[in-house]
Amino acid sequence: MRWIGALLVAVLLAGCARGAPAAGDFRPAVAGELTVATATLPLPGFWEEPGGFEYGLAKALADRFHLRLRVVRVPFERIVSGDLGGADLALSQVTATRDRDRVLDFSEPYLAAPPAGLARSAIPDLAAARDTRWAVKRGTTLSAILAGFIRPTTPPALTVDERAALTLLAAGSVDAVLLDLPVALVIADRSGGGLRVAVQVDSDDSLAVALPDGSANREAIDSAVRAFTDNGTIDRLAKRWLGAHLRGTEPNIPVLGRGR
Amino acid sequence: MSAPHGPAWEFLLLFVVVIGGPLLLERARVPGIIGLLLGGYAIGPNGLGWISRANDTLPDLGQLGLLYLMFVAGVELDLALLRTYRRSAISFGLLTFAVPMVAGTAVGFVLGWSAPAAFLLGSLLASHTLIVYPLIRDGGLGSDPAVATAVGATVLTDTLALIVLAVVSGTTGSNASTWVVVVRLVAGFAVLGGFCFYTLPRAARWCFRRLGGERTVRYLVAIAGFLAAAVVAEVFGIEGIVGAFFAGLALNRLVPNEGRLMDRIDFFGAAVFIPVFLVSVGLILDPRVIAEPRTLGLAALFVVACLGGKVLAAWLAQVLLGFTRARAGVMFALTAPQAAATLASTTIGFQIGLFGTSVVNAVLVLILVSLVVSPIAGRRFMRRLPRPSDTERPLGSRVVLAVSTVDPPAEIFQLAARIAAPDGGVVHPVLLRRESDPAHDAAAVSALETMANAHGVDGAAAVVVDRSLAAAVAHAAAAHLATLVVVDGPMWSDRAGAAPPAPVLEFRGEEGALLHAATSDDLAGEISRRAATPVDV
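Chains G and W, in that order, are what the protein sequence lines are. For the first sequence, position 210 (counting from the first letter as 1) is numbered 210 according to our numbering, and the numbering increases by one without interruption. For the second sequence, position 348 (counting from the first letter as 1) is numbered 348 according to our numbering, and the numbering increases by one without interruption.
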């Protein structure tokens, strides 16, 4: 009798598993469509029209879930405050932090993105970094690193987006812009030698897909990111659009260690 | 001051969990493996967050631990039992693989999973780990035919499960056509098999002879061996754990279960590598996910498919192979536990994006249930089995090599090793001394051990002092529970006045050997065959 009872309980529980996909179930907000939010469009290497690393990643997600892709612009401040503007997820070079984790869900990381300084000349060490005039996008982990670790003697210029910071650099109003390493590498690569990645900050910061807090789609997105990492999709996208190493730091660029 | 961070902090957390996790849970009579999983959860991103999701160090170490685990699984298997009980082991191996495999695959398809996910689920439910074997063996049933059959079947079951894993992971996410993938996998298995079962043992033997005087070198050669096999596997798109497992099988005969090299492999595995793997799996564990009805439902299905499949397979073995109900019960207890191979396949499935956290957590529940059920079943059915009378241990299981000098001829080491090898036995070199002889030199004993190691003899050297060399031979045989004593020269005669507990083989160089105190007429022939030297009685 005990075994029959145990079997009945097992069957009842098993009923709860009906329709539980192996790698998680993705349910879009709009049927048939994967809506992806991003803040800066276009952004060299990441969101080009068409193409780019994050565009390619969004397309791969849409293909995996058999959905059409739709991209919407949502300001970065709204994204990191938890408002994706109705999108299913955001791909906008977002780094997962504890504060952001309270208002968003994050997938497994898809790209290592330690902070890096883009400048015209080398920045060999922390002392030189402190004497440099910086620009950085406000409200980002980069601005926090600039203020908390590098601590430049001249207060940094806080801009609304990367483009504004790069404009200041081009105008000579600042000496360097703090960016995620992959973004910095792309811009340096396309500057025709005018700019270089002058310094990196030691960090295990990584970019991740941002989802609405409590999203039921997180498991499916995590499985997708792992699958893309395993089957080389992310490698191929990074080589094509970023020309970058994916893990850790670039070998020939000075690295500033930091306490965390 | 800053918050703790960096590699030192991460390793400190890791080793605190490795030490404390099992200790805490074993007090509550919960298997230590659960403590490691829970410890990983506690320090991971779903728990206290001390190890972040972006951390690479622990997952990379965990991957090494996984390879080590599969290597140990292969090297520990008793291939001699598989040879002895070949027919029943193969039959039962196919049953205990096929039934849960079919059940698990059916569960996957009923849930609407893709074919790769369904087949992978089937294969991970079909594998098993011999966690209950020490319990059965310590109960005196190690050589029972049912136990030997189940142990031998493990080779087949785990190999088939890993082959399915290799095919699934090789075809998942590949853009090549199915035929290209199949050809690549077939070629890969052929190359891997050739590397593991031909090249690796010969290379290891060469290294042991030339470099193996140092204990650490022998251990490192074993490590390099399985890592090389894993690399070869991955070159062909086969999971590295398949290579590591095959390397274990291939080096099985070179690593006797009672030898010091096995002791070292076990030590580092139990102390570092395998716990690190389990902690890294615990990073994925999420009790909130486990508590979800969907996860519990999956776990219930997995438990029914796996344990139900194993019960059915044991019952079929009872019917088809003529085992008693009690023996079939023991076979179920031995093949029910889900641990190493199951975790390995689940981890791979998770890494390649076939399985989400719900499935992983459901499998962890299955593992826990199986680890609770199988020892209970084992104890219950063990009691009903007749204890065997003093059965003969295999000839080569414990060979004592008794020498009276510290530089005996190399041939005697090779002779002893050849006799021990077919039974996976260990050779213990023993230096004999009369009470009237000068005290032995510790450096010389160490040199004897180094020489022995170089000739593939893995046992620790010892010194035995007695009133005569013949008495010392008897003393050494009794102390080491020898199944055979090989002596260097006429140290023994039947008129010695001391009866040895094992036959004594006197090595006579080119003239062959002389066997004393033979226990059967066939023994001389068997020794002669193994040693490839004429043996007189």
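Don't be surprised by glycine CBs; every beta carbon is placed ideally from N, CA and C. Here the structure is a predicted model, which means the values were calculated and not measured.
Check	Outcome
Does residue 350 of chain W have its Cβ less than 9 angstroms from a Cβ in chain G?	yes
In the DSSP assignment, find the unbroken beta strand (DSSP E) run with residue 196 of chain G in it and report its ends.	196-201
Taking all protein chains shown into account, decide if residue 252 of chain G is buried (16 or more other Cβ within 10 angstroms of its Cβ) or exposed.	exposed
Taking all protein chains shown into account, decide if residue 259 of chain G is buried (16 or more other Cβ within 10 angstroms of its Cβ) or exposed.	Low per-residue confidence applies at residue 259 of chain G: pLDDT is 47, beneath 50, and the placement is therefore not dependable, though the value from the model is reported in the following sentence. Residue 259 of chain G is exposed by the Cβ-count criterion.
Using the C-alpha atoms, what's the distance from residue 530 of chain W back to residue 342 of chain W?	38 angstroms
Please name the residues in the region 101-117 of chain W whose beta-carbon is closer than 8 angstroms to at least one beta-carbon of chain G, in chain order.	108, 111, 112, 113, 114 and 117
Starting from the beta carbon of residue 186 of chain W, find every residue of chain G whose beta carbon is closer than 9 angstroms, and list them in chain order.	What residue 186 of chain W touches in chain G: nothing, since even the nearest Cβ is about 21 angstroms away.
Does chain W have any CB closer than 9 angstroms to the CB of residue 247 of chain G?	Reliability fails at residue 247 of chain G, whose pLDDT of 48 lies under 50, so the model's placement of it is uncertain and the value that follows must be treated cautiously. Residue 247 of chain G counts as touching chain W.
Please report how far the alpha carbon of residue 198 of chain G lies from the alpha carbon of residue 59 of chain G, in whole angstroms.	33 angstroms
Going along the chain, which residues of the region 21-45 of chain W sit with their C-beta nearer than 8 angstroms to a C-beta in chain G?	none
Do you know how far the Cα of residue 360 of chain W is from the Cα of residue 313 of chain W?	25 angstroms
Closer than 8 angstroms: is that where the CB of residue 167 of chain G sits relative to any heavy atom of the ligand ADP?	By its list of ligands, the structure shown contains no ligand whatsoever, and the ligand ADP lies outside what it can speak to.
Can you check DSSP and say which residues form a bridge with residue 345 of chain W?	Partner(s): none; residue 345 of chain W has no beta bridge.
Enumerate in chain order the residues of its own chain whose CB-to-CB distance from residue 216 of chain G is below 8 angstroms, with the five nearest sequence positions on each side excluded.	25 and 27
According to DSSP, is residue 169 of chain G part of a helix, a strand, or is it coil?	helix
Residue 137 of chain G bridges to which residues according to DSSP?	G/159
I'd like to know whether the C-beta of residue 354 of chain W is nearer than 9 angstroms to at least one C-beta of chain G.	yes
Throw me the rounded Cβ distance for the residue 82 of chain W and residue 152 of chain W pair, which I believe falls under 8 angstroms.	4 angstroms
Quick one: grab the DSSP three-state call for residue 475 of chain W.	helix
Determine the burial state of residue 9 of chain W: buried for a count of at least 16 other Cβ atoms within 10 Å of its Cβ, exposed for fewer.	exposed
DSSP has residue 117 of chain G in a bridge; who is on the other side?	G/178 and G/199
Mark residue 26 of chain W as exposed unless 16 or more other C-beta atoms lie within 10 angstroms of its C-beta, in which case mark it buried.	exposed
Report the three-state DSSP secondary structure of residue 400 of chain W (helix, strand or coil).	strand
Sorted by chain position, which residues of the same chain lie with C-beta nearer than 7 angstroms to residue 346 of chain W's C-beta, five sequence neighbours on each side aside?	124, 355, 360 and 363
Go ahead and pull the three-state DSSP assignment for residue 38 of chain G.	strand
List, in order along the chain, the chain W residues whose C-beta lies closer than 7 angstroms to that of residue 108 of chain G?	53
Would residue 297 of chain W count as contacting chain G if we go by Cβ distances under 9 angstroms?	yes
Nearest chain G C-beta to residue 294 of chain W closer than 9 angstroms, yes or no?	yes
At a Cβ threshold of 9 angstroms, is residue 13 of chain W touching chain G?	no
Determine the extent of the alpha helix (DSSP H) in which residue 538 of chain W is found, giving its start and end residues.	Residue numbering for chain W in the displayed model covers 1 to 537; residue 538 of chain W lies beyond these limits and cannot be assessed.
For residue 26 of chain W, which three-state DSSP category applies?	helix
Hey, how far is the Cα of residue 523 of chain W from the Cα of residue 506 of chain W?	14 angstroms
Chain G beta carbons: is any one of them nearer than 9 angstroms to that of residue 377 of chain W?	no
If contact means a Cβ-Cβ distance below 8 angstroms, which residues of the region 147-168 of chain G contact chain W?	none
Exposed or buried, which one is residue 31 of chain W when buried takes at least 16 other CB atoms within 10 Å?	buried
Whole-angstrom Cβ separation of residue 203 of chain G and residue 115 of chain G, contact assumed at under 8 angstroms?	6 angstroms
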